[in-house]
Amino acid sequence: MTFSTWMAEPVYSGEESRARITALSGKTRAESNEFTTGLTRTTTNLELRVQGWQIDLGQGRRCMGLARVEAVWKITEIKVDIAREYPPGGCQYRVIRTHEDEHVAISRDTFRHWTPQAESVLRNAAARINPRISTASADAVTTEFKDQLTAAMKPTFEAFANELRIRNAAIDTPGNYRRVNGQCPSW
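Position in the sequence shown counted from 1, then plus 5, gives you our numbering.
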């Protein structure tokens with residue numbers, strides 16, 4: 006089994022309005038002190054390539070097992086929106102960007118933290134897949150193996166996403182927003 010990782014570079018955009026960013030964040034205007042000025046969204050994906058082996062037993066039956074698993078866990082996108090009301094070069098843009106860069110760092114750090122766990126879970130899940138005798142096609146059985154591995158990874162990826170939410174929420178507090186907003190003479 007091979008397990009590797011890849012992280013996209015952040016992509017910054019100033020195209021969205023504060024109202025649109027607030028809507029994208031899933032917060033209500035009241036929860037976000039009327040409007041959210043920036044938003045960082047991280048998307049992950051697990052690519053699995055699974056190969057099996059087979060021995061023909063005759064009469065349409067075959068013994069099939071897991072031969073190889075190649076996994077790549079990726080941060081496929083880090084999208085950072087900064088409200089278009091705050092153009093580059095201004096104080097507000099600078100402090101919003103600094104805050105959003107904290108979210109980028111949290112995403113990357115949390116991903117790195119969960120990588121060994123994800124690899125271990127996948128290795129253990131692959132080791133538990135026993136050969137089987139079946140009349141199903143090799144492709145169908147390989148798909149079953151892949152589905153088993155994906156299902157085994159689900160709790161780990163849910164825990165990763167939960168930790169990411171918690172760590173991001175820790176810097177998205179009213180007190181921190183007051184501190185950030187206080188760095189510029191006017192909003």
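A virtual CB, placed ideally from N, CA and C, is assigned to each residue, including glycine.
Could you give the distance in angstroms between the alpha-carbon of A123 and the alpha-carbon of T148?
For the purposes of this step, residue 123 is taken as residue 118 along the sequence shown, with counting starting at 1. For the purposes of this step, residue 148 is taken as residue 143 along the sequence shown, with counting starting at 1. Cα to Cα, the separation comes out at about 20 Å.
Please classify E21: is it buried, with 16 or more other beta-carbons within 10 angstroms of its beta-carbon, or exposed?
The residue you call residue 21 lines up with position 16 of the sequence shown. Counting Cβ neighbours within 10 Å, E21 comes out buried, since at least 16 surround it.
Can you tell me whether G142 is helix, strand or coil according to DSSP?
The residue given as residue 142 occupies position 137 in the sequence shown. The displayed chain sequence assigns Ser, not Gly, to residue 142. In this structure, S142 counts as coil in the three-state DSSP scheme.
Any idea if D114 is buried or exposed, counting beta-carbon neighbours within 10 angstroms, 16 or more meaning buried?
Counted from its first residue, the sequence shown places residue 114 at position 109. Result: exposed.
CA-CA distance, A76 and A131?
As a working note, residue 76 is residue 71 in the sequence shown. As a working note, residue 131 is residue 126 in the sequence shown. Their backbone Cα atoms lie some 11 Å apart in a straight line.
Only counting the same chain, and skipping five residues up and downstream in sequence, which positions put a Cβ closer than 7 Å to that of Y98?
If you number the sequence shown from 1, residue 98 lands on position 93. Only I87, Y91, P92 meet the Cβ criterion.
For S9, list the residues DSSP reports as bridge partners.
To locate residue 9, count along the sequence shown from 1; it is residue 4. Paired residue(s): V77.
Please classify E82: does DSSP put it in a helix, a strand, or coil?
Along the sequence shown, one-based indexing puts residue 82 at 77. It is a strand residue.
Quick one: what does DSSP say C68 is sitting in, helix, strand or coil?
By one-based count along the sequence shown, residue 68 stands at place 63. Three-state result, C68: strand.
Contact check, S245 vs K84, beta carbons under 8 Å
A query on residue 245 cannot be resolved here, the shown segment of the chain reaching from 6 to 192 and no further.
Closer than 8 Å is the cut-off here; do at least three beta carbon pairs connect the stretch 158–174 with the stretch 59–75?
no
Tell me which same chain residues have a C-beta within less than 6 Å of the C-beta of R67, skipping the five on either side of it?
For the purposes of this step, residue 67 is taken as residue 62 along the sequence shown, with counting starting at 1. Contacts found: Q59, D61.
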